[in-house]
Each structure stands twice: as C-alpha cells, then as structure tokens.
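Chains as they are written, first to last, in the working numbering: chain A, 1 to 218; chain B, 1001 to 1218. Ideal placement from N, C-alpha and C gives every residue a C-beta, glycine not left out. Quick caveat, the model's predicted, so the values are computed rather than measured.
Number of protein chains: 2
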Amino acid sequence: MTFQDCFPVWNKLNATQQERLLGSLTTRNVKKGTVLHDGSKDCTGLILIQSGQLRAFILSDEGREITIYRLLERDMCLLSASCIMHSIQFSVTIEAEKDTVFWLIPADVYKSLMAESAPVANYTNELMASRFSDVMWLIEQVLWKSLDKRVAAFLLEEIAIEGTDILKITHETIANHLGTHREVITRMLRYFQNESMVRLSRGTVTVLDQEKLSALQK
Amino acid sequence: MTFQDCFPVWNKLNATQQERLLGSLTTRNVKKGTVLHDGSKDCTGLILIQSGQLRAFILSDEGREITIYRLLERDMCLLSASCIMHSIQFSVTIEAEKDTVFWLIPADVYKSLMAESAPVANYTNELMASRFSDVMWLIEQVLWKSLDKRVAAFLLEEIAIEGTDILKITHETIANHLGTHREVITRMLRYFQNESMVRLSRGTVTVLDQEKLSALQK
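Given below as structure tokens:
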C-alpha cells in the first residue's frame, strides 16, 4: 500500500505538487495508548493511517472524555492539523487505540496545496463534512437516545471493528467513549448480563446476543 | 449593500464566473416563522442574508428541537445546500426567526464554482469549519454544562442580538432552542426570578441582572 493509493486526489496534483507532498512525508509508528495530538497545544499535521486505529475525543474541565469519531486504515485525520483553518475553533485529542503506523503530512505543505488546488480543497471539504456528520450523529445520540441504546450501539460497533464477540475492554474505557461515568456503565452492563445479552468477566465483555442488542436500538 | 460586498471571495472569481453567479441569484423575502429549508427533503441552495435572522435546528423523532446555530446579516448558510457535498450525512431545518431578506444561490451553480475555484472551495471550507465549531461548542454545553448555565448563556445571547433587556419570547421557544422541555425552562426561569436575575410576565422575560447571569457561567 503506497501513499499514492491512499490519497484520493493524488492524480489531480501536478508533478511539482506531487514531489513537494512526497518529499515532505514522514512515516511514524506509535504504540497503543500514545497521544498523537493534544488539543490546541500543537499543530501536528495531517495523519493518514496505514494500519491501526485512532480515536478523537474531547475532554471536559473535570477530565471527562467522549469519543467523537474513530479512524481506521486509509482514513485521514484533519483535526490534528486544525491550524490549517482559522475557523476551526475547538480542539480534540487524538490517541492510538491500537499500535498504529501512519504517514504525517506537515500542516504548512498541505495548506499550500489546498490554496493552489481546487481538488485538494474540495477533498478537504468532504473530509470535514464527514467528521461534521459524525459529530451531528453523536449530538443526536447524546440528546435523544437513552444510554442503553448507546451502550448497545457501542458494543455492536466494537465487535464489528474487532471481528470477535469477546471484547477486551474495561468499563472505564466504555465510559470514556460515551461521555459518562464508570459506575453508570457497570450498572448498564449488569442489566445486559441479566438479560443474557452479554457475559462479564474481569477486563472482558462477551457479546452473547447481537440480535437482542440490535433490537434495543429500535 | 450589494452581493459583491457580502461574498468574500468575489474578487477571486474571473469575469465569466462572476457573471454566472450574479445571473443565477434571486432575492427572497420571508416572514418570521417561515421554514426555508426542511431537512433532507430538498436542496434549497445557499442562503446569504441581507437582513433578518435565521436559525438552524435539528428535530428528534418525537418532535423535540435544538438550535445548532443562528445566522445574522451577511452570514452564509451552507447546510441549506447539503447536496453540494456527498459527505454531509445529516439534515437540519432552517427557519426565519425574524422577517428576512436573502440572496439564494442555486446549489448547482455554487457546486460548479467550488469545483473550478480553489478560493471558493477554501472559503466553503472555512464556512463549514465555522458551523462545525458551533456544533462542537454545543456538544460540550449539552454534555458538561448544567442547564442553569445554558439558560443564562441563552438569555445573554438574546439580549445582545436584540439590543434590549426585555425579551419577547415564550418558555416553549427557549426550550426548543436548548433541546429540553417547556416545564424545565419554566422551573429554571422561576428560580432566576426568585434570585432577582429576571422578571417574568406573559410572553416576556426581562433581564434584571446581567452580571449575576454572567457569573453563573463561571
């Protein structure tokens, strides 16, 4: 898998632009748990994922977290380079959820390409619209869905990403994804266990009945 | 005030593009309360406000509302033309909060300009980032701020927009802005009245103590 394969508007760049972009790239390896980008403190650059998994989240003053989206192979992270646009007036933290390999595009190089090239600017627009859509989905969830539905949706997403029904995940981690407290998640998971939808053991949630979890969403 | 004055990248367009854009414009007048754009049902076009005030909100299945942002003179509304981008996967409703005059740019004309012109595409990016920032602010409010702070912030915003301490607004309307129920707002406003921050009468909320309302936000 080359960078050219993963960057959808590669062929819309001229030779000089392609050279400038390739020449500026670095490849990075990070371990699970690494914080790649910390809010407004820095302008890390754009991240294009080769393998692994990242999550973007926001933090409250009291240290509570909520996941706003997750990035998988071939996904591009724009908000790690929020300095490329004046109007991005918020900050996110980006953390590796798995060991991750990615290309890093320096913010100034990307910004100059966006200024020159309508295709790059429009691709960036689509990326932003896509993250914006994730956040709109999230706000509807937070406002209007009860927590049982949100926990069920999260578990179903996890088993789809992991490809297994046996999830190595703590109640604390689930709480941080969903913007709530550990105790609340523990209570909900116990309810799911009583209803035979999951089985709980130390550090593991095993999904027993996907259909019943899906039915909760209706 | 001409369209040219209000469209920041006008001078970055060539003569043909300027002509195409001007030739496609229509001016519309709508009364307070008019719904200009109704979710995913239509692709109204881009709205550039000459005078008046619009609000964009989302609706739950049960008919609850929450305001996601408001648009004043010279603001451009992008989400009324969500068909210009594939990745906008959500829908908003746009309603006139006051009698409003605006220019309407057809979505197809704008889309063609975005495709040709990096400045137009980058301007659109900034617009989207700006609305995205509004929604990120909102999600932090909903998740992490108690309702007293949110009601206080709303009242302070209203008196700034209206230029008066005497607000002609119902408890129902405030509830629809903040994504909650009328009864909850009534209870909160009565508490504010007991604390001498506001005075309530039929259809009116008079702000008596801006400083005390501001202090609530801390």
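Looking only at its chain, what residues have a beta carbon closer than 7 Å to the beta carbon of A:Leu-156, apart from the 5 residues adjacent to it on each side? Gln-210, Leu-213, Ser-214
By the 9 Å beta-carbon criterion, what residues does the stretch 1033-1065 of chain B contribute toward chain A? Ile-1058, Ser-1060, Asp-1061, Glu-1062, Arg-1064
Give, in chain order, every unbroken run of the alpha helix (DSSP H) that is at least 4 residues long and sits entirely within the stretch 1128-1194 of chain B. 1147-1162, 1171-1178, 1182-1194
Could you tell me which residues DSSP pairs with B:Ala-1096 in its beta bridges? B:Leu-1054
Using only the alpha-carbon positions, how far apart do A:Gln-141 and A:Ser-133 sit? 12 Å
Out of B:Glu-1172, B:Ile-1185, B:Asn-1122, which one is the CA nearest neighbour of B:Lys-1149? B:Ile-1185
From what residue to what residue does the beta strand (DSSP E) around A:Asp-38 run? 35-38
Straight-line gap, A:Cys-77 to A:Ala-107 (C-alpha atoms, nearest Å): 12 Å
Pair within 8 Å by beta-carbon distance, B:Glu-1073 and B:Leu-1036: no
For the stretch 1112-1135 of chain B, which residues have a beta carbon sitting closer than 7 Å to at least one beta carbon of chain A? Met-1114, Ala-1115, Glu-1116, Ser-1117, Ala-1118, Ala-1121, Asn-1122, Thr-1124, Asn-1125, Glu-1126, Met-1128, Ala-1129, Ser-1130, Phe-1132, Ser-1133, Val-1135
Residue-chain proximity (B:Ser-1087, chain A), Cβ-Cβ < 8 Å: yes
Three-state secondary structure (DSSP) of B:Val-1030: strand
I need the straight-line Cα distance from B:Ala-1175 to A:Ile-174, nearest angstrom please. 31 Å
Boundaries of the beta strand (DSSP E) in which A:Val-205 is found, first to last residue: 204-207
Can you grab the Cα-Cα spacing for the pair B:Ile-1169 / A:Lys-31, in whole Å? 54 Å
Proximity winner among A:Leu-22, A:Arg-20, A:Val-198, A:Ala-56, relative to A:Glu-97 (alpha-carbon distances): A:Ala-56
Would you list the residues sitting across from B:Cys-1083 in a DSSP beta bridge? The partner list for B:Cys-1083 (beta bridge, DSSP) is empty, contrary to what the question assumes.
When you compare the CB positions of A:Ala-15 and B:Ala-1118, do they come within less than 8 Å of one another, or not? no
Does B:Val-1142 have its Cβ less than 8 Å from a Cβ in chain A? yes
Rounded C-alpha distance that separates B:Leu-1143 from B:Leu-1054: 25 Å
is_contact[A:Leu-138, chain B] using C-beta, thresh 8 Å: yes
Does the separation of the CB atoms of B:Ala-1152 and B:Gln-1217 fall below 8 Å? yes
Straight-line gap, A:His-171 to A:Glu-183 (C-alpha atoms, nearest Å): 8 Å
What did DSSP end up calling B:Phe-1003 once you bin it into helix, strand or coil? helix
For B:His-1177, count neighbouring C-beta atoms within 10 Å of its own C-beta (all shown protein chains included) and say buried if the count is 16 or more, exposed if not. buried
Determine the direct distance from the alpha carbon of B:Trp-1010 to that of A:Leu-208, and round the result to whole angstroms. 59 Å
Looking at C-alpha atoms only, which residue of B:Gln-1017, B:Glu-1195, B:Gly-1039, B:Gly-1052 is the closest neighbour of B:Glu-1162? B:Gly-1052
Output the boundary residues of the beta strand (DSSP E) element that contains A:Ser-201. 198-201
Are there 16 or more other CB atoms within 10 angstroms of the CB of A:Thr-180, so buried, or fewer, so exposed? buried
Please report the straight-line C-alpha distance between A:Gly-45 and B:Ser-1196, rounded to a whole angstrom. 50 Å
8 Å Cβ cutoff, A:Phe-7 in contact with chain B: no
Using a C-beta to C-beta distance shorter than 7 Å, which residues of chain A count as neighbours of B:Gly-1179? Leu-143
So with CB distances below 7 Å, who are the chain B contacts of A:Phe-154? Simply none; closest approach about 16 Å.
In the structure shown, what three-state DSSP assignment does B:Leu-1021 receive? helix
Quick one, which residues of the stretch 1074-1107 of chain B are near chain A if we go by CB-CB under 8 Å, in chain order? Met-1085, His-1086, Ser-1087, Ile-1088, Gln-1089, Phe-1090
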